[in-house]
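Student: One point on numbering: in the numbering used here, the residue at position 471 of the sequence shown is 598, and numbering is uninterrupted.
Think of the CB as a built atom: it goes at the ideal place given N, C-alpha and C, for glycine as much as any other residue.
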Amino acid sequence: MLVTKFSDTVRLETEGDLAVVRVDNPPVNALSADVRAGLKAAFDAVGANADITAIVLACDGRTFIAGADIREFGKPMQGPSLHDVEEAIENVGKPVVAAIHGTALGGGLEVALACHWRVAVPSAKCGLPEVKLGLLPGAGGTQRLPRLVGAEAALKMVTGGDHVPAKKAHAMGLVDELADEGGLEAAAIAFARKAVAEGKPLRRIRDMDEKLAEARANPGLFDEFRKANARKFRGFEAPEANIKCIEAAVNLPFDEGMKFERDAFMKLMTGSQSAAQRYVFFSEREAAKIPNLDGDVKPRAIGKVAIIGAGTMGGGIAMNFANVGIPVTIIEMKDEALQRGLGVIRKNYENTAAKGRISADDVEKRMGCLTGSLDLASVAEADLVIEAVFENMDIKKEVFTKLDALAKPGAILATNTSYLDVDEIASVTKRPGDVLGLHFFSPANVMRLLEIVRAEKTASDVLVTALDLARKIGKVGVVAGVCHGFIGNRMLAARQREAQKLILEGAMPWDVDRVLYDFGMPMGPFQMGDLAGLDIGWSKETSKGETVRDLLCEMDRRGQKTGAGFYDYDEKRVGSPSPVTEKIILDLSAKAGIKRRSISDEEILERCLYPMVNEGAKILEEGKAYRASDIDIVWINGYGWPVYRGGPMFWGELVGLDKVLKRMQEFETTMGADFKPSALLERLVREGKGFSAA
Ligand code: T1G
Numbered sequence: 128m129l130v131t132k133f134s135d136t137v138r139l140e141t142e143g144d145l146a147v148v149r150v151d152n153p154p155v156n157a158l159s160a161d162v163r164a165g166l167k168a169a170f171d172a173v174g175a176n177a178d179i180t181a182i183v184l185a186c187d188g189r190t191f192i193a194g195a196d197i198r199e200f201g202k203p204m205q206g207p208s209l210h211d212v213e214e215a216i217e218n219v220g221k222p223v224v225a226a227i228h229g230t231a232l233g234g235g236l237e238v239a240l241a242c243h244w245r246v247a248v249p250s251a252k253c254g255l256p257e258v259k260l261g262l263l264p265g266a267g268g269t270q271r272l273p274r275l276v277g278a279e280a281a282l283k284m285v286t287g288g289d290h291v292p293a294k295k296a297h298a299m300g301l302v303d304e305l306a307d308e309g310g311l312e313a314a315a316i317a318f319a320r321k322a323v324a325e326g327k328p329l330r331r332i333r334d335m336d337e338k339l340a341e342a343r344a345n346p347g348l349f350d351e352f353r354k355a356n357a358r359k360f361r362g363f364e365a366p367e368a369n370i371k372c373i374e375a376a377v378n379l380p381f382d383e384g385m386k387f388e389r390d391a392f393m394k395l396m397t398g399s400q401s402a403a404q405r406y407v408f409f410s411e412r413e414a415a416k417i418p419n420l421d422g423d424v425k426p427r428a429i430g431k432v433a434i435i436g437a438g439t440m441g442g443g444i445a446m447n448f449a450n451v452g453i454p455v456t457i458i459e460m461k462d463e464a465l466q467r468g469l470g471v472i473r474k475n476y477e478n479t480a481a482k483g484r485i486s487a488d489d490v491e492k493r494m495g496c497l498t499g500s501l502d503l504a505s506v507a508e509a510d511l512v513i514e515a516v517f518e519n520m521d522i523k524k525e526v527f528t529k530l531d532a533l534a535k536p537g538a539i540l541a542t543n544t545s546y547l548d549v550d551e552i553a554s555v556t557k558r559p560g561d562v563l564g565l566h567f568f569s570p571a572n573v574m575r576l577l578e579i580v581r582a583e584k585t586a587s588d589v590l591v592t593a594l595d596l597a598r599k600i601g602k603v604g605v606v607a608g609v610c611h612g613f614i615g616n617r618m619l620a621a622r623q624r625e626a627q628k629l630i631l632e633g634a635m636p637w638d639v640d641r642v643l644y645d646f647g648m649p650m651g652p653f654q655m656g657d658l659a660g661l662d663i664g665w666s667k668e669t670s671k672g673e674t675v676r677d678l679l680c681e682m683d684r685r686g687q688k689t690g691a692g693f694y695d696y697d698e699k700r701v702g703s704p705s706p707v708t709e710k711i712i713l714d715l716s717a718k719a720g721i722k723r724r725s726i727s728d729e730e731i732l733e734r735c736l737y738p739m740v741n742e743g744a745k746i747l748e749e750g751k752a753y754r755a756s757d758i759d760i761v762w763i764n765g766y767g768w769p770v771y772r773g774g775p776m777f778w779g780e781l782v783g784l785d786k787v788l789k790r791m792q793e794f795e796t797t798m799g800a801d802f803k804p805s806a807l808l809e810r811l812v813r814e815g816k817g818f819s820a821a
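1. Which residues bound the beta strand (DSSP E) around W244?
2. Using only the alpha-carbon positions, how far apart do R189 and H228 sit?
3. Assuming D686 and L678 are in contact, meaning their beta carbons sit under 8 Å apart, how far apart are those beta carbons, in whole angstroms?
4. How long is the line joining the alpha carbons of A621 and V212, rounded to whole angstroms?
5. Taking the DSSP output, what are the residues bridged to K132?
6. Name, in chain order, the residues that DSSP records as bridge partners for V252.
7. Would you identify the three-state DSSP class for R484, choosing helix, strand or coil?
8. Does the Cβ of D196 lie closer than 7 Å to at least one heavy atom of ligand 3?
9. Let me know if T397 comes out buried or exposed under the rule of 16 or more other beta-carbons within 10 Å of its beta-carbon.
10. Under three-state DSSP, which class holds S703?
11. Answer yes if the region 411-419 comes into contact with the region 591-602, meaning at least three C-beta pairs across the two stretches below 8 Å, and no otherwise.
12. For the structure I just gave you, are there three or more beta carbon pairs, one from the region 250-269 and one from the region 170-178, closer than 8 Å?
13. If you draw a straight line from the alpha carbon of D548 to that of A487, how long is it in whole angstroms?
14. Only counting the same chain, and skipping five residues up and downstream in sequence, which positions put a Cβ closer than 7 Å to that of R772?
15. Considering only residues of the same chain and omitting the five flanking positions on each side of K835, which have a CB-CB separation below 6 Å?
16. When DSSP builds the beta bridges, which residues end up paired with H566?
17. Using 8 Å as the Cβ pair cut-off and three pairs as the minimum, do the region 520-537 and the region 489-508 touch?
18. Which one of E583, T674, G612, D588 has the shortest CA to CA distance from I630?
19. Excluding the 5 residues flanking K294 on each side, which residues of the same chain have their C-beta closer than 8 Å to its C-beta?
20. Determine the DSSP secondary structure at E625, reduced to helix, strand or coil.
21. Compare the Cα-Cα distances from L563 to each of R358, P570, E578, V573 and report the closest residue.
22. Pick out whichever of F392, F352, R343 has its Cα sitting closest to the Cα of A365.
23. In the DSSP assignment, what are the bridge partners of A691?
24. Answer yes or no: the CB of F409 versus the heavy atoms of ligand 1, is any distance below 7 Å?
25. With respect to the alpha helix (DSSP H) encompassing I731, which residues constitute its N-terminal and C-terminal limits?
26. Rounded to the nearest angstrom, what separates R207 and I197 at their Cα positions?
27. Tell me which residue opens and which closes the beta strand (DSSP E) that C680 is part of.
28. Just to confirm, is the Cβ distance from V526 to E514 under 8 Å?
29. Can at least three beta-carbon pairs, one atom from the region 269-286 and one from the region 372-383, be found at a separation below 8 Å?
30. Verify whether the separation of the beta carbon atoms of V125 and A582 is less than 8 Å.
31. Less than 8 Å between the CB atoms is what I'm expecting for G743 and M776, so what's the real figure, rounded?
32. For R700, which residues from the same chain have a beta carbon less than 6 Å from its beta carbon, with the 5 sequence-adjacent residues on both sides left out?
33. The beta strand (DSSP E) that contains C186, what's its start and end?
34. I believe P454 touches L329 by the beta-carbon criterion, under 8 Å. Please report the beta-carbon distance rounded to the nearest angstrom.
35. Check R149 in the structure and name its three-state DSSP category.
36. Closest to L262 by CA distance: which of G194, R271, I216 is it?
Shown next, in the form of structure tokens:
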């Protein structure tokens, strides 16, 4: 075999009439400038070599090409473009077969679509996830895919960005043959040789039109798709741009469609939404890294988990481990509570199965991972114990004192507290190094965020274990320091405070909720309160009847669960502004001697969000978060901050920290110390820097 290196990352292996073009660019064979240059040169060479009759494109390492190199975005293009590479492949004049393992994503799948055929192993996945980066397939994906699989399937792939398993990709015609695991390249070579032997005409997808004709015969396809997905796409620019490109593929000649796609791609690439979504992509991965930690700190093995408490949180937390096959013992004090908790978990799984997302077998497998117990001593075998009992410090201390005595040496003891001081909880144990916070967000089996609260004495390997475990259970782990509310709830408190003030000064709850919903939040603070229940942390005995929430709860208006809270709810739990709430607010304003005024949407937005940015700056300067991007990841994954706005800190920089500071100073002058700018915010503005310089 003759091996020729065409770049650092691409080599050509030729033997007889066969050529294998091989990419080796760890970790994911991204299409860097070096890869593109190597591919272009290699395909030009095999095209010019009359001895070569069949070509396979393969990748070393764990995956086929996983896309363009996102790190190159925003920088001047070096070397041949992806289009140049695809032209060289598609017009090489000999059969080219892509051998796909791992994930063929984005530009990787687009390169595979420029090949004449595709062979994959069953464990492989194909996808065009550019939409998740605020982009669209910019190298012919929107023009070739609909020609191969039809417009409807293409619409779903490009606007959802999901990974399609190889078996499904084969069924839809995206992959031409499935190879045995371990036999991929042999199968691809055999496929290429067979195409030569049978004199198969080279199948350039650009020449295919049959599937497009079907789409042209269904003119309502695109608008029906838009309508069906309007809620999911709300606020995003990329989905509609993707839809328009598929429409262009159906209605325009290939080359015109390619130009349409290229223009649409550049418009997204230079926009703020894609900048935000690319920032979030890397920030989520950055959050898993602990700064200044020796590389050799290994995670502890977590083979068994115990959860104290089978309530809403305990049950939801348990499901995360059962979902990935980790045995969980759920411990309650009373059998009735335990059985109720296990029943809720089973019901949740059965609902998921009813939607076709998991099988009935999965339900039993997951339930099989769960064991109920009424004996705290059942924690003895657990490698990790997570306490999810009532949010009260005395109760938590009592539980941790017992756990300290009952859990085996080396077991990690975690509290799910949302606010309380984890150092204080750790102080009742003889193993503070094994103690940390694991703050799951409700519903714990759904929300991706896991705040990992690093107490003063938490050992490094415990932190590394928590981050490793977060990834294993499909969570995004973010390390927070001990302070009231850690990162997310501490910033939420700043927003809630302003929201409560705004409705006494002149706005109504539905004004504040509308402004934040239109900004891109899934709902506003008052809708959120009604959903969660207004009586969390409230009791009739201690209620002073001084706030809108107090008065609503005293009237048994505790939110959606009672049919009324800030809003009145119909039987479908659709809320509408309530005259009862309006009267309570007007009376409270009058009682407080506040002269109500009309408050602009802009003031509502600035007063709700700028204090969050300021609180985030305080969190950074106090060292309660490692990076500003960690704070953004908390808000995107824990509270639904629109990903296309990058998170509060990214957004604050986009607005301009100087503008945020100026408005905070103005509000401080007119409304007091709640708006006192953080020293960090003042310094960064003074120095003309962003949060990365914190
Ligand atoms: N470019 C650069 N670096 C990338 C990368 C990419 N496309 N994908 C991953 N990485 C880095 C990542 O930052 C991490 O780095 C390491 O690789 C391992 O990643 C023209 C314009 C492939 C499913 O969107 O979905 O093609 O932190 O931790 O969990 O139309 O990476 O180790 O330094 O995620 O095993 C389209 C993005 C690009 C795929 C593997 N492609 N990547 O997951 O590992 S746009 C994507 C992923 C495009 C064309 C358009 C995942 C993965 P570090 P990881 P993983």
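Tutor: Working from what's here:
1. 244-247
2. 8 Å
3. In the sequence as presented, Asp is not what sits at residue 686; that position holds Gly. Rounded, the Cβ-Cβ distance is 14 Å, inconsistent with contact.
4. 52 Å
5. R138
6. Before going on, a small fix: residue 252 reads as Lys here, not Val. In DSSP, K252 forms a bridge with T230, P292.
7. coil
8. With respect to ligand 3, the structure offers nothing, as its ligand set consists of ligand 1.
9. exposed
10. strand
11. yes
12. no
13. 41 Å
14. A403, G647, W778
15. Nothing about residue 835 can be reported from this structure: the residues present for the chain run from 128 to 821 only.
16. E578
17. yes
18. T674
19. P249, L305
20. helix
21. E578
22. F392
23. G686, D695
24. yes
25. 728-748
26. Per the sequence shown, the amino acid found at residue 207 is Pro instead of Arg. P207 and I197: Cα-Cα distance of roughly 16 Å.
27. Counting along the chain, C680 falls outside any beta strand (DSSP E), though it belongs to the alpha helix (DSSP H) covering 675-681.
28. yes
29. yes
30. This structure leaves residue 125 out entirely; the chain is present only between 128 and 821.
31. 5 Å
32. Q687
33. 181-186
34. Not a contact, Cβ separation roughly 54 Å.
35. strand
36. G194
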